[in-house]
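K.L.:
Sharing a structure, written as structure tokens. Questions coming.
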Amino acid sequence: MINRVLVLFTSISFFLMACNDHDHNPNQTKNENQESVETSATVQDESQPEKDLKKETSKINLVGNVKAEYRVNKDNWSFKPIGDANPKVVLLTFDDAPDKYSLEIAKTLKRLEVPAIFFVNGHFLEKDENKAMLKEIHDMGFPIGNHTYSHVNLKELTEKEQEREIVKLNNLVEGIIGERPKYFRAPFVSNTDHSKKVAEEEKMLVMNWTYGYDWEKEYQDKKALTDIMLNSPYLGNGANLLMHDRKWTSEAIEDIVKGFQKKGYKFLDLKLIETPA
Numbered sequence: 056m057i058n059r060v061l062v063l064f065t066s067i068s069f070f071l072m073a074c075n076d077h078d079h080n081p082n083q084t085k086n087e088n089q090e091s092v093e094t095s096a097t098v099q100d101e102s103q104p105e106k107d108l109k110k111e112t113s114k115i116n117l118v119g120n121v122k123a124e125y126r127v128n129k130d131n132w133s134f135k136p137i138g139d140a141n142p143k144v145v146l147l148t149f150d151d152a153p154d155k156y157s158l159e160i161a162k163t164l165k166r167l168e169v170p171a172i173f174f175v176n177g178h179f180l181e182k183d184e185n186k187a188m189l190k191e192i193h194d195m196g197f198p199i200g201n202h203t204y205s206h207v208n209l210k211e212l213t214e215k216e217q218e219r220e221i222v223k224l225n226n227l228v229e230g231i232i233g234e235r236p237k238y239f240r241a242p243f244v245s246n247t248d249h250s251k252k253v254a255e256e257e258k259m260l261v262m263n264w265t266y267g268y269d270w271e272k273e274y275q276d277k278k279a280l281t282d283i284m285l286n287s288p289y290l291g292n293g294a295n296l297l298m299h300d301r302k303w304t305s306e307a308i309e310d311i312v313k314g315f316q317k318k319g320y321k322f323l324d325l326k327l328i329e330t331p332a
């Protein structure tokens, strides 16, 4: 009888121990798995805002600390507004600088508080006098563009020669004003795939023009040039206006500026143009 009681007691003890083990281990496994899943979810949630921030930031086009409001339209090389920016703008640009009249043009524009880009050639910068002119133009706040070193037709050059025409000038300009040009315009509107690639590598915006007349004989006086610039059939919103370092251009520029203002055009602020990062 005593032996039967001992056997029964022992069996009940083992049964209770087995039940306790079963109740503990499954719960512990579940909690560990649940903690692992929650930890993984937490890491994913914490990283998501950072990814979203990077994604949103990539959508914002900045020039310095200013949000870009205009983008070049490569169909006609005018500038189109980004979003709700004022469409009725024009851009002033001057090629073949700094020769004889660029500084005078810059001083007039500075007095009138009108922005412009001066596209320079390297052969003009071989003289110290012209280097000083370029620095003064830049110090007045006018951006400098690259118009190649020798003003040659890039389509007639090898790729290596094209690169030299562009990069050599950038190096020279940087040595004078402390920064590299942000804009590139090929002479004779003669871009090549390679020149565009070099400009991209140099982080310059490739820019042609909408219209210009001051190299044509019939417009080489103040009155004629003013009239055609203001009344060209190609004038429209965002027009990229081409002029040069010329005596008659220097004489006409104030009337041209005031004429556009009377027509209701604003002059495009270069800080608002989208350029390569």
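Each residue of the sequence shown is one higher than the one before, starting from 56 at the first, in my numbering. Even glycine gets a Cβ: it sits at the ideal position worked out from N, Cα and C. Given the structure is predicted, the values throughout are model-derived calculations rather than measurements.
Mapping the DSSP letters down to three states, classify Thr-163 as helix, strand or coil.
P.N.:
Residue numbering aside, residue 163 sits at position 108 when the sequence shown is read from its first letter. In the structure shown, Thr-163 sits in a helix (DSSP, three-state: H, G or I).
K.L.:
Indicate whether Ala-254 and Ile-221 have their beta-carbon atoms separated by less than 8 Å.
P.N.:
Taking the first residue of the sequence shown as position 1, residue 254 is located at position 199. Taking the first residue of the sequence shown as position 1, residue 221 is located at position 166. Yes, these two residues count as a Cβ contact at 8 Å.
K.L.:
Sorted by chain position, which residues of the same chain lie with C-beta nearer than 6 Å to Tyr-204's C-beta, five sequence neighbours on each side aside?
P.N.:
For this step, residue 204 is matched to residue 149 along the sequence shown. Only Gly-177, Glu-220, Lys-223, Leu-224 meet the Cβ criterion.
K.L.:
What number of angstroms, rounded off, separates the C-alpha of Ala-294 from the C-alpha of Tyr-320?
P.N.:
Residue numbering aside, residue 294 sits at position 239 when the sequence shown is read from its first letter. Residue numbering aside, residue 320 sits at position 265 when the sequence shown is read from its first letter. Near 10 Å, if we compare the C-alpha coordinates of Tyr-320 and Ala-294.
K.L.:
Out of curiosity, what's the CA-to-CA distance linking Ala-187 and Phe-179?
P.N.:
Indexing the sequence shown from 1 puts residue 187 at position 132. Indexing the sequence shown from 1 puts residue 179 at position 124. Computed Cα separation, rounded: 11 Å.
K.L.:
Report back the beta-carbon spacing between His-299 and Phe-149 to the nearest angstrom; my notes put them in contact at under 8 Å.
P.N.:
Walking along the sequence shown from the start, residue 299 turns up at place 244. Walking along the sequence shown from the start, residue 149 turns up at place 94. Right, their Cβ atoms sit about 6 Å apart.
K.L.:
If distances are taken between C-alpha atoms only, which option among Pro-242, Asn-128, Thr-281, Val-169 comes closest to Pro-198?
P.N.:
Locating residue 198 in the sequence shown gives position 143, where the first residue counts as 1. It is Val-169.
K.L.:
To the nearest whole angstrom, what separates the beta carbons of Arg-235 and Glu-257, a pair I think is in contact under 8 Å?
P.N.:
Taking the sequence shown and counting its residues from 1, one reaches residue 235 at position 180. Taking the sequence shown and counting its residues from 1, one reaches residue 257 at position 202. Right, their Cβ atoms sit about 7 Å apart.
K.L.:
From which residue to which residue does the beta strand (DSSP E) around Ala-294 run?
P.N.:
Position 239 of the sequence shown holds residue 294. Its beta strand (DSSP E) spans residues 294-299.
K.L.:
Where does Arg-126 sit, in a helix, a strand or coil, going by DSSP?
P.N.:
One-based indexing of the sequence shown puts residue 126 at position 71. Residue state, collapsed to three classes: strand.
K.L.:
Between which two residues does the alpha helix (DSSP H) carrying Ile-283 extend?
P.N.:
Translated into the one-based positions of the sequence shown, residue 283 becomes position 228. Ile-283 -> alpha helix (DSSP H) spans 277-286.
K.L.:
Which class does Asn-176 belong to by DSSP, given the choice of helix, strand or coil?
P.N.:
Locating residue 176 in the sequence shown gives position 121, counting from the first residue. In this structure, Asn-176 counts as coil in the three-state DSSP scheme.
K.L.:
Alpha helix (DSSP H) containing Ala-332: first to last residue?
P.N.:
Within the sequence shown, the letter at position 277 stands for residue 332. Careful: Ala-332 lies outside any alpha helix (DSSP H) and carries neither H nor E.
K.L.:
In the DSSP assignment, what residue or residues form a beta bridge with Asp-150?
P.N.:
Looking up residue 150 in the sequence shown gives position 95. DSSP lists His-299 as partners of Asp-150.
K.L.:
Measure the C-alpha to C-alpha separation of Val-207 and Lys-326 and round it to an integer number of angstroms.
P.N.:
Position 152 of the sequence shown, counted from the start, is the residue given in the question as residue 207. Position 271 of the sequence shown, counted from the start, is the residue given in the question as residue 326. If I take the Cα positions, the gap works out to 29 Å.
K.L.:
Where does Phe-134 fall in DSSP's three states?
P.N.:
What you label residue 134 is simply residue 79 of the sequence shown in a count that begins at 1. Residue state, collapsed to three classes: strand.
K.L.:
For Asn-141, does the three-state DSSP call read helix, strand or coil?
P.N.:
Counted from its first residue, the sequence shown places residue 141 at position 86. Correct three-state label for Asn-141: coil.
K.L.:
My output table needs one value for Asp-324: the three-state DSSP class, helix, strand or coil.
P.N.:
Residue mapping note: residue 324 aligns to position 269 of the sequence shown, counting from 1. In this structure, Asp-324 counts as coil in the three-state DSSP scheme.
K.L.:
Along the beta strand (DSSP E) that carries Gly-200, what are the first and last residues, could you check?
P.N.:
Within the sequence shown, numbered from 1, the residue matching residue 200 stands at position 145. 199-201 is the extent of the beta strand (DSSP E) around Gly-200.
K.L.:
Looking only at C-alpha atoms, which of Ala-140, Tyr-125, Arg-166, Asp-154 sits nearest to Ile-308?
P.N.:
Residue mapping note: residue 308 aligns to position 253 of the sequence shown, counting from 1. Out of Ala-140, Tyr-125, Arg-166, Asp-154, Arg-166 has the C-alpha closest to the C-alpha of Ile-308.
K.L.:
Quick check on DSSP: helix, strand or coil for Tyr-274?
P.N.:
For the purposes of this step, residue 274 is taken as residue 219 along the sequence shown, with counting starting at 1. In this structure, Tyr-274 counts as helix in the three-state DSSP scheme.
K.L.:
Quick check on the DSSP output: the alpha helix (DSSP H) that includes His-249 runs from which residue to which?
P.N.:
Here the question's residue 249 lines up with position 194 in the sequence shown. Unbroken alpha helix (DSSP H) run through His-249: 248-256.
K.L.:
Between His-202 and Phe-174, which are expected to be in contact by the criterion C-beta below 8 Å, what is the C-beta distance as a whole number of angstroms?
P.N.:
As a first step, residue 202 must be located in the sequence shown, where it is residue number 147. As a first step, residue 174 must be located in the sequence shown, where it is residue number 119. Indeed, because the Cβ distance is near 4 Å, the residues count as touching under 8 Å.
K.L.:
So, with DSSP's three-state summary, where would you put Gly-230?
P.N.:
The residue given as residue 230 occupies position 175 in the sequence shown. It is helical.
K.L.:
For Leu-212, which of Tyr-238, His-249, Glu-181 has the nearest alpha-carbon?
P.N.:
Position 157 of the sequence shown holds residue 212. Comparing Cα-Cα distances from Leu-212 to each of Tyr-238, His-249, Glu-181, the minimum goes to His-249.
K.L.:
Alpha carbon to alpha carbon, how far is Lys-122 from Asn-141?
P.N.:
Within the sequence shown, numbered from 1, the residue matching residue 122 stands at position 67. Within the sequence shown, numbered from 1, the residue matching residue 141 stands at position 86. Taking the straight line joining both Cα atoms gives about 14 Å.
K.L.:
Apart from the five residues just before and just after Tyr-274, which ones in its own chain have a Cβ nearer than 6 Å to its Cβ?
P.N.:
Position 219 of the sequence shown, counting from 1, holds the residue named residue 274. If we look at Tyr-274 and ignore the five residues flanking it on each side, its Cβ neighbours are Tyr-268, Leu-280, Ile-283.
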